[in-house]
């Protein structure tokens, strides 16, 4: 402790790019110009700053090239229809390769640190260590005369705690700040998930999605936490001692959220059954939000509420209330900002200038994230619900140009962010200095992850199936289980905290689980879909046509609208021996009209009856919201009909008039509805005003460059004709196959 | 020096947002989780980290709201056709207001620093101060038992030199890193400038543009440097002593580049004469590049080459060679990367997947910047020429979707970056701690800036007018002088270095010049255009039609193609009393057919003769390049005809075949040319293959949301018909007014 230590640590090149990532974005301008009185030290500092900048640029460049390479290879794979490896898997593999190269080839740059103490007699009056240290350093002047000014003062800013003073390996400069994930990478991904959500199918399956996401994730987290804690007792001493129940619970929370990316890309390519798609997407979008809040609550429990680390009721309750209040307040802020943007775009004519409009849209969406973070809520959750509201309301008010532009921009951002994070998962396996391999823990983690997923899917499906007659079939359950890939959120949560051995082991296990599930499960999804006889090649469109045809189109605005009977075209693919779930239904569940998987056709009428009964029993909440949405929210926030003048009681007429635009009053009744792909929050709100054609896609993942609204120009009779025509054709097809 | 100093500095709230800006992007995760053994200090640190994060988010939020407000007000102004204040001016004004509020209202947070010295006996073996300091700090345990582990080690990272140890005001945490401008804000602006450049008019006026940009900027820099240095001797002692000639020269270099933004927005709105537009745009795009390299060379001179600070021939020559080598190597890298992207998009079918294609495009463009920075060149310059190449070659290979998308993305990025920087200029006037007001210097700077602009415009115009018969009219010269607004680049260069009083005074002067020129000159541009009788309301289109009609359309591929005679429709606006310069001509200059400004009409035939003579005399270099481009570059890099098979000598056939795509061979001859708005690098390359209609706009600033290629479907006869029709109409108009 007495001897001064000025050790030269090696900053391995594989760690450089992480520095680059942190600092490359905000390059620290170390350039200290001294006019002409440059000293040796100044010149050396200057040279070092230049070198740092170069290295940062170079590392970032390697990474950008890696992404470009990924893009090219993805194209090649798509071009040659390679289905056994998907783009995220590819990004991970490239990341692994580059990480290995970075690790095992390359020189090192020295990184010097020095132990210091306060000048003179230290008086510590504060609880906190100082924000900056000022350090006097003797400087070698170029002109050899050593002046008294040869001492310069340098400033050092607080970085964090050094946990392992003895361990030379720890390299503060190379610790990639995991907050980047939460503040840069995740928000666009999550926002896009919300913005591109196909709300129709999402709300149809709302019950199941909410059950899986909220109950399932929590259940899974606690189960994994418990089992891991039990197993930890069997692990090496150094691990088990540092592994508290809170730690394992945290692990449970972080490993529970599923990542939709790979699996949905496959589903999309194969046009898999839309309800299965909605279940997987909806669940994984929501369980990301649940997991981040849950893990935050667990952290809080450990840090603020619990004194002993053991179970305490009050601390537990406070954490629970944290969980719910943070989740719902974040939701509220996100939704409010989305609605505010809708109001802005509705009551200004900013849509005349698409560039301004798009800029406004982007700025408002980003400010939602910031607002939530500034109020100590969860920005990621807020941004998700902001995205949903933007798609549901604001999107309707945007000009055609802005619709395209915002969709495309967020699609691209999402693509880049996703591939970045998966590449980084690969690279970090080799370069992140705080990995800790422990075979026992990793194996347990793998088993627990599968177990957690199973406990999420099977019992809850069973529960849902008890409550509702049309069941989620066993094959669908298997697929749901199998679709439980882990991804960005798990990794981001795991890398956020790598202080202890236990946490480092968790990071390693999480990385491996992500890599395994993305590459192996993602690759096998295709085969499994086949093997489980999940219907693929389903056209979103036919289902919609189906809806149009079957239920009455002129429902009044009260709740008496007819539920659709969807059994009608139930087995358009039946001849190909696929099971088929009926699309549409106000109820939030899947039904399996076919018990035997192969080739059998269910009775359309029966399916229809099921629906009719269930829609009234089950989806009351959803229907109430749907009506409220149609009557008040949409007229207020968009240019849709009916206007508030019609839906509000007479006494509110002046206000209603104020909130109704001329456009709303003068439009021909369909113009602004038509483009809203997701206006049917509960299937049929659209039919309230007579049939308006729905545009598939909307700001959807597949809708990227396609002209939205292929049927924009169709009149009602056209649609009916077309529907009849297609229905006839299809019944012909099914007849042929029977 | 002996007493320990732990002073609490106040970090004024107006400085907070700058912290937010730096760290908000990459949030430093200070969260140090300690499991359950949390100490007072840990909890306090945690709370402080949370608070910091909240404040950062809040500050950034204020800024995002500011931008959103700007967007809304811009809309309002556009909506009500307010022309006396433009969006950049607006951003500056809002910035000023918010800056003032931040400064004069708000509480303060304490920022603690401590003077430290090496532990034990210091041994300084290195030239450089250590990268990190490790500092032991006694920690208050929550459980009152003071353990020996109650001492924790915290790490501090190197930040920079403290220049004013005595001055309490200096607040390192609040120094906004100016490198952000060079690495985040400027690249998208500059790239977009290159990408959206209307190359046709740019290359037509290449001679004048290059003269103004390279010669003019250098001249202006040296003149301003000299005059300022002279005047500095009359200034207060503390300033004049710290103001070396290099400093004033640096000031000259940074204040010389003009910013096209405001003025071009106005030109765009009014559809001002395209050649004037091209001159202003081209010059300001290039002089940004010249200025950044020039100022770098001046810095290098001071730091590395000169020992005394006085003039040294070798040092000067080395700086000059720096200047040229950095400029041209950057240009080369940018162009090479652009061409590489063109090759990638040509020889892969990545265009089948627009999202991948757009991602590739963005990644390659960004990697150009990184590559240049990694090789110690100037990223900004590289990115400019990359943008030009991307627009000239790659754009042709992109799918329609990617064209739209890339245009729109960069347009939006550009818009946000520009408004951000102008808002920041306003805000920083109040919040940046290193402003230094000195009335004398500021007034001198204003005068010098005007002088520098004058010396750029008038003598060079005179020189150009000597060399070439068709002159740049006096009114155009006045407008060019007046269009010399200063903007982003000047500010970014000024804020990069604020070490000395002199530099701080420069920053203040630059900020004020930018604010003044943007608000006052920008606002007055409209009136001046009127007053100087500059033609407005010129349709890009008519000029093109004019070109089509007049010159022969079936020129062979040799150089014998006919230059256009553009005098034909020379005064379509003549009746409204505007001067008119003839559009088109291979020569890189403007002509002024009308000497008296009002209502006179020039003789079309004379104009035409001028052109015919001059195009052969003047633009040989441009024509050689144009031919080379059409014969080799375009066939190699795009799908254009003629193919390399036709243009390369026979011996190279195998290679030529390899480099020619099937698409190129099988296309119907016009498909891929049509969309290339800028293929006429020297007016008429297009006519080589017969008449292909040109799409105005391309990735142009005004082309944002418009469907590119309104005349895509027109056949040659259509165009000729249309042309004749319009020509007839126009001659009618002119006849009526004569």
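Residue numbers (UniProt numbering), protein chains in the order written: chain A, 1 to 738; chain B, 1 to 738.
Just so you know, even glycine gets a beta-carbon here, dropped at the ideal spot from N, CA and C.
Presumed contact (8 Å Cβ cut-off) between residue i and residue j, rounded CB distance
| i | j | result |
| --- | --- | --- |
| residue 492 of chain A | residue 57 of chain B | The Cβ separation is near 18 Å, so there is no contact. |
| residue 495 of chain A | residue 95 of chain A | 14 Å between Cβ atoms; not a contact. |
| residue 224 of chain B | residue 448 of chain B | 5 Å |
| residue 194 of chain A | residue 391 of chain A | 7 Å |
| residue 234 of chain B | residue 298 of chain B | Actually they are not in contact, since the Cβ atoms of residue 234 of chain B and residue 298 of chain B sit about 23 Å apart, beyond 8 Å. |
| residue 364 of chain B | residue 341 of chain B | 4 Å |
Alpha helix (DSSP H) segment containing residue i, residue limits
| i | result |
| --- | --- |
| residue 206 of chain A | 206-210 |
| residue 216 of chain B | No alpha helix (DSSP H) holds residue 216 of chain B; DSSP gives it neither H nor E. |
| residue 477 of chain B | 474-482 |
| residue 401 of chain B | 400-431 |
| residue 244 of chain A | Note, residue 244 of chain A: premise wrong, no alpha helix (DSSP H); not H, not E. |
| residue 642 of chain B | Per DSSP, residue 642 of chain B belongs to no alpha helix (DSSP H) and is neither H nor E. |
| residue 393 of chain B | Careful: residue 393 of chain B lies outside any alpha helix (DSSP H) and carries neither H nor E. |
Close beta carbons around residue i, own chain, < 7 Å, minus the five adjacent residues each side
| i | result |
| --- | --- |
| residue 189 of chain A | 414, 417, 418 and 488 |
| residue 276 of chain B | 476, 479 and 534 |
| residue 500 of chain B | 242 |
| residue 401 of chain A | 354 |
Chain-order list of residues whose beta-carbon lies under 8 Å from that of residue i (same chain, five-residue window excluded)
| i | result |
| --- | --- |
| residue 64 of chain A | none |
| residue 511 of chain A | 425, 428, 429, 435, 491 and 494 |
| residue 399 of chain B | 351, 352, 354 and 357 |
Proximal residues to residue i (C-beta, below 6 Å), its chain only, five neighbours per side dropped
| i | result |
| --- | --- |
| residue 631 of chain B | 647 |
| residue 700 of chain A | Low confidence applies to residue 700 of chain A: its pLDDT is 42, below 50, so where it sits in the model is not reliable, and the reading given next is rough at best. Taken in chain order, the residues that qualify are 196 and 198. |
| residue 505 of chain A | 436, 438 and 441 |
CA-to-CA distance, residue j to residue i, given in whole angstroms
| i | j | result |
| --- | --- | --- |
| residue 300 of chain B | residue 319 of chain B | 7 Å |
| residue 284 of chain A | residue 368 of chain A | 21 Å |
| residue 228 of chain B | residue 103 of chain B | 31 Å |
| residue 205 of chain B | residue 281 of chain B | 11 Å |
| residue 406 of chain A | residue 289 of chain B | 31 Å |
| residue 211 of chain B | residue 219 of chain B | 11 Å |
| residue 508 of chain A | residue 192 of chain A | 28 Å |
| residue 279 of chain B | residue 454 of chain B | 16 Å |
| residue 133 of chain A | residue 43 of chain A | 23 Å |
| residue 529 of chain A | residue 357 of chain B | 29 Å |
| residue 457 of chain A | residue 216 of chain A | 7 Å |
| residue 717 of chain B | residue 61 of chain B | No answer about residue 717 of chain B holds up, because its pLDDT of 41 lies below 50 and its placement is not dependable. |
| residue 268 of chain A | residue 523 of chain A | 15 Å |
| residue 518 of chain A | residue 99 of chain B | 48 Å |
| residue 53 of chain A | residue 641 of chain B | 43 Å |
| residue 635 of chain A | residue 377 of chain B | 56 Å |
| residue 705 of chain A | residue 627 of chain B | For residue 705 of chain A, the predicted model reports a pLDDT of 37, less than 50, meaning its position is unreliable and no value from the coordinates is stated. |
| residue 201 of chain A | residue 274 of chain A | 7 Å |
| residue 80 of chain B | residue 252 of chain B | 39 Å |
| residue 624 of chain A | residue 207 of chain A | 14 Å |
| residue 445 of chain B | residue 86 of chain B | 24 Å |
| residue 657 of chain A | residue 644 of chain A | 8 Å |
| residue 237 of chain B | residue 497 of chain A | 55 Å |
### Query
Between the region 381-391 of chain B and the region 60-78 of chain A, are three or more C-beta pairs nearer than 8 Å?
no
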